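S.K.: Residue numbers (our numbering): 53 to 256. Beta carbons are placed, not taken as given, at the ideal position from N, Cα and C, and that holds for glycine. Predicted, not measured: the structure shown is a model, and the values here were computed from it. Got a structure for you, written out below as structure tokens; questions coming shortly.
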């Protein structure tokens, strides 16, 4: 009589566990690689943005007008100041300033004007400029860009404004020079108590 033989199948789960572990390991590597690529890309963009912002900030700080003097001109010894002459230069290390892109805001407390550059006679809401010192001869009416070392006279007619403006004795006038690049420059002037017979009046 033959003994009954029982065939037993033994399930070996070690291999399955090993394959699963390998899959998880590979997936982890792929995720880490993807994350690293994203971080590197983001870091590069942030660096570019920081450099761009730093460059713009440097221009904002460096591009600075300096007001050297402000004088007024009268038509006669019996009239008020009708023209303003603003002498400006650039601060040390300043970048080029294009006066054709600058706005000058003037207020006497009652009227306010925003004047822009014109290559010619200045009328309402306009000013013109001429070089007092220009070593490289680069400043002109058609290209009024100031470089280091330049000294420029800005002229604005109060009489030509609408409504007409003038600067009387003891009257105050506020000015704001707004270049395209760089900080705004403020200048407040007050006329003397008497002009006397002077035609040219030093206001600042």
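Could you give the uninterrupted runs of the beta strand (DSSP E) lying entirely in the segment 159 to 183, keeping only those of 3 residues or more?
M.R.: 164 to 169
S.K.: Taking Cβ to Cβ, would you say residue 222 is nearer than 7 Å to residue 249?
M.R.: Locating residue 222 in the chain shown gives position 170, where the first residue counts as 1. Locating residue 249 in the chain shown gives position 197, where the first residue counts as 1. Going by C-beta atoms, residue 222 is not nearer than 7 Å to residue 249.
S.K.: Quick test of the definition: if touching needs 3 or more C-beta pairs under 8 Å, does the segment 121 to 129 touch the segment 174 to 194?
M.R.: Not touching, per the Cβ criterion.
S.K.: Are the Cβ atoms of residue 165 and residue 181 separated by less than 7 Å?
M.R.: As a working note, residue 165 is residue 113 in the chain shown. As a working note, residue 181 is residue 129 in the chain shown. No, these two residues do not count as a Cβ contact at 7 Å.
S.K.: Measure the CB-CB distance between residue 184 and residue 205 and report whether it falls below 7 Å.
M.R.: Counting from 1 along the chain shown, the entry for residue 184 is found at position 132. Counting from 1 along the chain shown, the entry for residue 205 is found at position 153. By the CB criterion at 7 Å, residue 184 and residue 205 fall inside the cutoff.
S.K.: With respect to the beta strand (DSSP E) encompassing residue 124, which residues constitute its N-terminal and C-terminal limits?
M.R.: The residue you call residue 124 lines up with position 72 of the chain shown. Unbroken beta strand (DSSP E) run through residue 124: 117 to 126.
S.K.: Alpha carbon to alpha carbon, how far is residue 131 from residue 212?
M.R.: Along the chain shown, read from residue 1 onward, the residue named residue 131 stands at position 79. Along the chain shown, read from residue 1 onward, the residue named residue 212 stands at position 160. The straight-line gap from Cα to Cα measures roughly 15 Å.
S.K.: Quick check on residue 128: buried or exposed, where buried means 16 or more other Cβ atoms within 10 Å of its Cβ?
M.R.: As a first step, residue 128 is located in the chain shown; it is residue number 76 there, counting from the start. Answer is exposed; the Cβ neighbour count stays below 16.
S.K.: Between the C-alpha atoms of residue 126 and residue 179, what's the straight-line distance to the nearest angstrom?
M.R.: Here residue 126 corresponds to residue number 74 of the chain shown, with the count starting at 1. Here residue 179 corresponds to residue number 127 of the chain shown, with the count starting at 1. Whole-angstrom Cα-Cα distance: 17 Å.
S.K.: In chain order, what residues of the same chain have a beta carbon less than 6 Å from the beta carbon of residue 224, not counting five sequence neighbours either side?
M.R.: Working through the chain shown from its first residue, we reach residue 224 at position 172. Same-chain partners within the cutoff: 242.
S.K.: Let me know if residue 215 comes out buried or exposed under the rule of 16 or more other beta-carbons within 10 Å of its beta-carbon.
M.R.: For the purposes of this step, residue 215 is taken as the residue at position 163 of the chain shown. Of the other Cβ atoms in all chains shown, fewer than 16 fall within 10 Å of the Cβ of residue 215; this residue is therefore exposed.
S.K.: Could you check if residue 108 is buried or exposed, using at least 16 other CB atoms within 10 Å of its CB as the buried criterion?
M.R.: Locating residue 108 in the chain shown gives position 56, counting from the first residue. Residue placement at residue 108 cannot be trusted, given a pLDDT of 42 that sits under 50; the coordinates are not used to answer.
S.K.: Using DSSP with H/G/I as helix, E/B as strand and the rest coil, what is residue 152?
M.R.: Indexing the chain shown from 1 puts residue 152 at position 100. Correct three-state label for residue 152: helix.
S.K.: Among the residues of its own chain, which have a CB less than 6 Å from the CB of residue 256, if the five just before and after it don't count?
M.R.: Translated into positions along the chain shown, residue 256 becomes position 204. So the list reads 122, 241, once near-sequence residues are dropped.
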